[in-house]
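When we follow my numbering, the leftmost residue of the sequence shown carries the number 20, and every step to the right adds one.
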Amino acid sequence: MALVPDADVVRDSVEAGFQRGHQTSLKVVYDRYGTLIYTLCRKALGADEAADITQEVFLAAWTRRHQFDPDRGSLGAWLVGIAKNKIVDTARKRDRRNRMVLALDAEQARSPKFVDALADRLLLADALERLPERARNVLELAFYEELSQTEIAERCEMPLGTVKSDMRRGLSQLRRHLVAYEDREGLSR
Numbered sequence: 020m021a022l023v024p025d026a027d028v029v030r031d032s033v034e035a036g037f038q039r040g041h042q043t044s045l046k047v048v049y050d051r052y053g054t055l056i057y058t059l060c061r062k063a064l065g066a067d068e069a070a071d072i073t074q075e076v077f078l079a080a081w082t083r084r085h086q087f088d089p090d091r092g093s094l095g096a097w098l099v100g101i102a103k104n105k106i107v108d109t110a111r112k113r114d115r116r117n118r119m120v121l122a123l124d125a126e127q128a129r130s131p132k133f134v135d136a137l138a139d140r141l142l143l144a145d146a147l148e149r150l151p152e153r154a155r156n157v158l159e160l161a162f163y164e165e166l167s168q169t170e171i172a173e174r175c176e177m178p179l180g181t182v183k184s185d186m187r188r189g190l191s192q193l194r195r196h197l198v199a200y201e202d203r204e205g206l207s208r
């Protein structure tokens, strides 16, 4: 007669393996929660974006697995929390782009100054998306929500020094992206 392991023991073992970086535990976690995360993303954002966001959720969970604390909640709840944040971020980006497009009216669209300003904003949005997630989030909160570094630290539950470092690195990378674009396009500075 084979002994059936206790469900709590199996769950704890999978969670511990996940935290330690065991690939087999990642597969078990994905098999267990992938459909749930995909369904949440599909209901919130639609089928077109659901697979990509689901992948981003598991990538973020894997890279930040050391932050998972089983004493604060289950791994499933932690993954759902990451998914909710990714969904909100994606919806904000979509809304921001839609607002920029809807802001165009016929008269503004004919103004070369306005077209240049819109092109600059779209270029900035594209360059921001190329940044690492943490730097991008910090800069988006500063640029689009006009939050101070202290407010960003509070909202993201990060030390102020980390926010400052992420912002400094992000701005440096952003500058490199924009300069590279200008060089590629032969634009003057």
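Every residue, glycine too, gets a C-beta built ideally from N, C-alpha and C.
How about residue i: is its C-beta nearer than 7 angstroms to some C-beta of chain B?
i	result
R149	Considering every chain present, this structure includes no chain B. It has just one protein chain.
Can the beta-carbon of residue i be found closer than 7 angstroms to that of residue j?
i	j	result
A69	Y52	no
A79	I101	yes
V198	V157	no
R84	Q38	yes
A146	L193	yes
L142	G189	no
First and last residue of the alpha helix (DSSP H) that includes residue i?
i	result
F77	66-82
F162	152-162
Q168	168-175
State buried or exposed for residue i, treating a residue as buried only when at least 16 other CB atoms are found within 10 Å of its CB.
i	result
K62	exposed
R195	exposed
V23	Interpretation of V23 is limited by its pLDDT of 45, a score under 50 that renders its predicted location unreliable; the figure taken from the coordinates is listed afterwards. Looking at its Cβ environment, which holds fewer than 16 other Cβ atoms inside 10 Å, V23 is exposed.
D114	exposed
D139	exposed
E201	exposed
E148	exposed
T169	exposed
T54	exposed
E159	buried
Taking only the alpha-carbon atoms, compute the straight-line gap between residue i and residue j and give it to the nearest angstrom.
i	j	result
E152	S32	29 angstroms
R91	W97	9 angstroms
D71	L179	31 angstroms
L94	D50	13 angstroms
F77	K105	11 angstroms
L172	F87	It should be noted that the sequence gives Ala, not Leu, for residue 172. Distance between the alpha carbons of A172 and F87 is about 20 angstroms.
V99	A35	18 angstroms
R155	A144	10 angstroms
D108	E75	12 angstroms
V48	A110	26 angstroms
N117	E165	19 angstroms
K46	L64	25 angstroms
Y163	S44	38 angstroms
T19	K112	Residue 19 lies beyond the residue range present for the chain, which begins at 20 and ends at 208; the question has no answer from this structure.
M186	C60	29 angstroms
T82	R203	33 angstroms
E176	S191	23 angstroms
S167	K103	24 angstroms
Please indicate yes or no: does the CB of residue i lie closer than 6 angstroms to some heavy atom of the ligand ADP?
i	result
R187	Judged by which ligands are present, the structure shown has none, so any question about the ligand ADP falls away.
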